[in-house]
Structure formats: structure tokens, C-alpha cells
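The numbering used here puts the last residue of the sequence shown at 1124; the count rises by one with no breaks. Where a beta carbon is used, it is the ideal one built from N, C-alpha and C, also for glycine. Note that the coordinates shown come from a computational prediction; the quantities given were computed from them, not determined experimentally. Encoded as C-alpha cells, the structure appears first; notes follow it.
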Amino acid sequence: MERTVDRRRLRELRDREVERFVGEHPRSGELFERGKSSLLAGVPMPWMTEWAGPYPVFVEEAEGARFTDVDGRTYVDFCLGDTGGMTGHAPKAAVQAIAEQAAKGITLMLPTEDSIWVGEELARRFGLPYWQFCLTATDANRFAIRLARAITGRPKILVFNYCYHGSVDETIISIEDGVPGPRPGNIGPPVDPVVTTRVVEFNDVPALEEALAHEDVACVLAEPALTNIGIVLPDPGYHDALRDLTRRHGTYLVIDETHCICAGPGGATRAWGLEPDFLTIGKPLASGVPAACYGMSGGVAERAQAFMDSLPTTDVGGIGGTLSGNALSLAAMRATLEHVLTDEAFDRMIELGKLWAEGVKAAITKHGLPWEVQRLGCRAEYWFSRTPPRTGGEAAAADDHELAQLTHLYALNRGILLTPFHNNALMSPATTAENVDLHSRVFEEMCAELVAT
Ligand SMILES: Cc1ncc(COP(=O)(O)O)c(C=O)c1O
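What follows is the structure, encoded as C-alpha cells:
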């Protein structure tokens, strides 16, 4: 029998869980209050106010797939710094390389041999021959977009509704009531993003075709599957259509693997045989040390180099970052790719992703809830909808903030951290089957309480 969630019951549970959270986190509460006198809203980053619960837990230390907060409580971390900690926290091989390189010099504006090792490894994993480094995936996307614009001479880019590619001005756009404009929450856009950007729904081939037919789009910036509004997988054949249409209209395809690296050691690009012109990735590449990169095909590299050669100088050209490509990031990237995010690690992580999704599915089925679970490699997520959404618009409409706040807080109070903003869990090389079983038990308990009359 299908059950609906009783909102009154939901709020009762939420109030109980908030009370428990406050009772169990006095020290985090004190730090949050103290932080208000020097930090905007008491936290170092605006979105840190958006965790479930009245304030975030402050961290004491983290190792592997676990962390301890300042109140001495430990958690299994399925958020993993929203992929920045996908390696598990403080993996030994990376920590050793980081310590050794820190003692030998951190940033010089000169190359180290590690950069070549990493470039060769990225080429092996993703199939693109040429690489450049920066510090964040946001910058990798910004720089790929700049190059695409420079060498095509076209003004616009195209993104998918409810995508997220970092704080890249051109991408913070959405379609509301059929009309494209600044995405709700866009803080101080320099221009209305419709000036710079075309936006269509993921999986909508006719809309993509219509948008590209203007032939003013330098590049499509795409995650292989949307991951930032829940996991929205491509329909069968969608990537073939995307590649055909971009080629036909002289538009570059930039694939952002920052989250879809969860599909395997070469991301969805290798797992699904994609053929991007550019590839961007950041977050977990250096075990948490800031590091990101963008790769390009031989043809793009040739045109990009010719363009650079035509400039009087490139040092103020908008592709930069004084600390980009620094020795520490590169040493950490090398150790991470060589010893932490290995092919064998992905095999184990993906099996755990399956186990997590099975646990959630079993609880949903047992309690007759009209929900669904979706998985991409070692990332999995549940939806408060009967079927997984096919577009970003559908995904945004399926969000249930109040319910998500309860599921997150319920998990947190029982020693489990989920990724905020959606119901996402990620497996690291350090995650264990026992960690996943704990989530399955707690999730089932929550479902039972939610439907109890
Ligand atoms: C797909 C994708 N690309 C890029 C970014 C930006 O990463 P960063 O904030 O580290 O620059 C994100 C962040 O969530 C992301 O999910």
C-alpha cells in the first residue's frame, strides 16, 4: 500500500530531532554564537548556514570516512566535502606526499616534474592529450569557456537547466515558468545571464538543436549526468545526440567531470565512451588540497596555442591564478592519482554505492513510500518522487525541502552526514560495508517513524 507523508507527523519528528541536536551539540552551538562576532552569519561560507539543524557541527578532526565534532561525537561521512573529500579524509599516501613537498617549497610559478606525470596520467584516464592546472573546478570551467570563446569567436555558451558548475557567472541561469533568467538566489550577476548563455533542459534533444542552430554558441558546458539537483541520468542515446549536434554546429563540448568522476577512474567520459573537446575536473584530485585542471583535444590545443601566440602577453588575459599549478597541489595530485583514487579503489567504492542504494530501496518498498533511488557509480541519492526526474526542471520541482531537512537531521543525530541541498551519499576508498549498513538501518527506522500512525 502506498503511503503519503503526513506533514503534521513530519513536523513533530523535526521538532524532536532539533531538540535532540541542540542537547547533544552544546560546544558547536557556543562556537556558532562566538563566530557571529567575526564571521558573516557565524560561518566561513554562506551556504554553511544551510545544514539541517539550527547550526552546523564544528569539526575537531577527520580520518578516512569518519570525522569527530567538537562535542566528541563521531560520524560516518557520506558527504565527503561534497566530493572534495572523496578520497577519504587525510589518506596516508597523500598526506605523506603533501608533508614532503611542503617541506621542499609550496609555490614558485615554475613547473615541477610532477606536473608532467599528472598530465600523462590524466591523458591516460580521460583520453585527452593536453592539460592545464588551476585551483578550483570553477576556474577550470571559466578557463575552458574563455578558450572556447577565443578560438571560435562566438559570444555565448549553453548549459542545462538547474546545472551547477561552480560560481561561473555564465552558468547561474535557470528557466522559471518557461523564461530563462538569473537563477533564483543568483547574487549580483554582472549582466543578465541570458546575454551570455542559452539554457535548455537536459535530455531535450529538439531544444538543444534549436539553441545550437543560432551558431553563436562557443561551447556546451555539461556534466555527463546532472548531479547537483539530484542525479539526473542521460536518456539512452542522449550523449550521441549532444556530440553530433555540437559537431554539426561548430560548438565545442566541455564535459565537467568534477562530480561524475564517481562513475569510475576516468569518470563518465571513459565509462560511457564520451568524446569531449575539453574536460574539466577539480575537488577530489589532490585529496582535499585545492587543485583542478582542464584538458583538451589535440585540435583544440593547436588552435588555443595559435591564439595565445597571437597575443602580446597572456599574463593578464583572464586565465590565471598566481597559485595555479603550484608544487604542493601537483605533488598531492600525483599521490592521489597514483595511490588513492586507483582503479581498484573505484571497484570497491562502486560496490558500496550499489549496497547503499539497495538499502534505501528496501526501506522505501517496505514502508510503501512513493520515493525512488538513483545511482551513478559510487554516488547514490534518493528522490521524493515515484520516478527519477529526466530534466533539471523536473528535479527542482520534486524537491521537498522540509522532508529533506528531516531526513538529514535524523541521520546526523544518529552519526551519519549526508550531502546538504539534496539526498546524496558518496563512497570513498575508506568507506566500509558496515558504514553503509548503518545508513540502511537508520534510514529504515526513519521511514518507519514517518509512516507510523
Ligand atoms: C559539477 C561541478 N563543477 C564545478 C563545481 C565547482 O567546484 P568548486 O566550487 O570547487 O570550484 C562544482 C561544485 O559543486 C560541481 O559540482
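Close-in-space but distant-in-sequence residues of the same chain around residue i (CB under 7 angstroms, 5 per side omitted)
i: P861; result: D840
i: N1106; result: A736, V747
i: G1064; result: N832, Y833, I846, E872
i: A896; result: I902, V903, L904, P905, C931, A939, L1047
i: A1057; result: Per the sequence shown, the amino acid found at residue 1057 is Arg instead of Ala. Once the five neighbours on either side are set aside, the close Cβ partners of R1057 are P1041, E1043.
i: A878; result: V871, E872
i: L916; result: L879, E880, L883
i: E666; result: Nothing in the structure corresponds to residue 666, since the chain is present only between 672 and 1124.
i: S838; result: T809
Residues sharing a beta bridge with residue i, DSSP
i: F1114; result: For F1114, which the question treats as bridged, DSSP gives no partner whatsoever.
i: T745; result: T739
i: D927; result: T951
i: V850; result: E847
i: N899; result: G901
i: K827; result: V888
i: H760; result: G735
i: V870; result: V830
i: Q772; result: Per DSSP, none; premise fails for Q772.
i: F1055; result: None; F1055 has no bridge partner.
i: Q1045; result: E1052
i: A1126; result: Past the edges of the chain, shown from 672 to 1124, lies residue 1126, and the structure says nothing about it.
i: Q803; result: Y965
Distance between beta carbons of residue j and residue i, contact taken as under 8 angstroms
i: K954; j: G700; result: At roughly 30 angstroms, the Cβ-Cβ gap does not stay under 8 angstroms, so K954 and G700 are not in contact.
i: L656; j: D863; result: Here the chain covers residues 672 to 1124 and nothing more, so residue 656 does not appear.
i: N812; j: T951; result: 5 angstroms
i: T993; j: C750; result: About 30 angstroms; that fails the 8 angstroms criterion.
i: N1094; j: A1068; result: So it is not a contact: roughly 15 angstroms between Cβ atoms.
i: T778; j: N997; result: 4 angstroms
i: T868; j: I926; result: 17 angstroms between Cβ atoms; not a contact.
i: L1012; j: T758; result: 6 angstroms
i: L945; j: T1007; result: Not a contact, Cβ separation roughly 23 angstroms.
i: N1084; j: R691; result: 5 angstroms
i: A1034; j: E1115; result: 4 angstroms
i: D948; j: L982; result: Not confirmed; about 21 angstroms, so no contact.
i: A765; j: A1003; result: 6 angstroms
Residue i versus residue j: straight-line alpha-carbon distance, rounded
i: G728; j: D740; result: The question names Gly, but residue 728 in the sequence shown is Val. Rounded to whole angstroms, V728 to D740 spans 6 angstroms at the Cα level.
i: H920; j: A882; result: 10 angstroms
i: V730; j: F738; result: 7 angstroms
i: L999; j: C964; result: 14 angstroms
i: T922; j: T823; result: 8 angstroms
i: A1130; j: A1066; result: Because the chain here runs from 672 to 1124, residue 1130 falls outside it and cannot be looked at.
i: S708; j: T1078; result: 31 angstroms
i: T842; j: V888; result: 13 angstroms
i: R678; j: T720; result: 24 angstroms
i: R680; j: Y1081; result: 14 angstroms
i: D1054; j: W722; result: It should be pointed out that residue 1054 corresponds to Trp in this sequence rather than to Asp. If I take the Cα positions, the gap works out to 18 angstroms.
i: G790; j: L1040; result: 47 angstroms
i: I816; j: G859; result: 20 angstroms
i: R705; j: E1009; result: 42 angstroms
i: L913; j: W943; result: 13 angstroms
i: H1038; j: E683; result: 19 angstroms
i: W1125; j: P851; result: The chain is shown from 672 up to 1124; residue 1125 falls before or after that span and cannot be answered.
i: A768; j: D753; result: 23 angstroms
i: D986; j: G849; result: 41 angstroms
i: W1042; j: H1110; result: 17 angstroms
i: A1104; j: E688; result: 26 angstroms
i: E928; j: T807; result: 13 angstroms
i: D742; j: P725; result: 15 angstroms
i: R854; j: I844; result: 4 angstroms
i: G966; j: D1071; result: 37 angstroms
i: A1123; j: T1036; result: 15 angstroms
i: L710; j: F703; result: 9 angstroms
Contacting residues, own chain, Cβ-Cβ under 6 angstroms from residue i (five flanking each side not counted)
i: P800; result: A794, G969
i: C1049; result: C933, M1020, I1021, G1024, M1098
i: A1016; result: P1100
i: R1005; result: D785, W788, V789
i: T803; result: Before going further, note that residue 803 is Gln rather than Thr in the sequence given. These residues qualify, in order along the chain: Y965.
i: R820; result: A889
Cβ neighbours of residue i in the same chain (closer than 8 angstroms, five flanking residues each side left out)
i: E1052; result: G901, I902, V1044, Q1045, R1046, H1093, N1094, N1095, A1096
i: A733; result: T739, D748, G756, H760, A761
i: P782; result: G996
i: R744; result: E695, H696, V728, G1086
i: N874; result: V903, P905, D906, Y909, R1061, T1062
i: E792; result: R1005, L1008, E1009
Within-9 angstroms CB hit, residue i to chain C
i: G849; result: The question asks about chain C, but that chain is absent: this structure has only one protein chain.
*Scan the segment 677–742 and note each continuous beta strand (DSSP E) run of 3 residues or more that stays entirely inside, going in chain order.*
DSSP runs (the beta strand (DSSP E)) wholly in the segment 677–742: 730–734, 737–740.
*asked:* To test your reading of the DSSP string, which unbroken beta strand (DSSP E) runs of 3 or more residues are found completely within the segment 1063–1097?
replied: Assignment of beta strand (DSSP E) within the segment 1063–1097, counting only whole runs of 3 or more residues, yields 1095–1097 in chain order.
*Going along the chain, which unbroken runs of the alpha helix (DSSP H) with 4 or more residues stay wholly within the segment 953–1026?*
969–980, 998–1006
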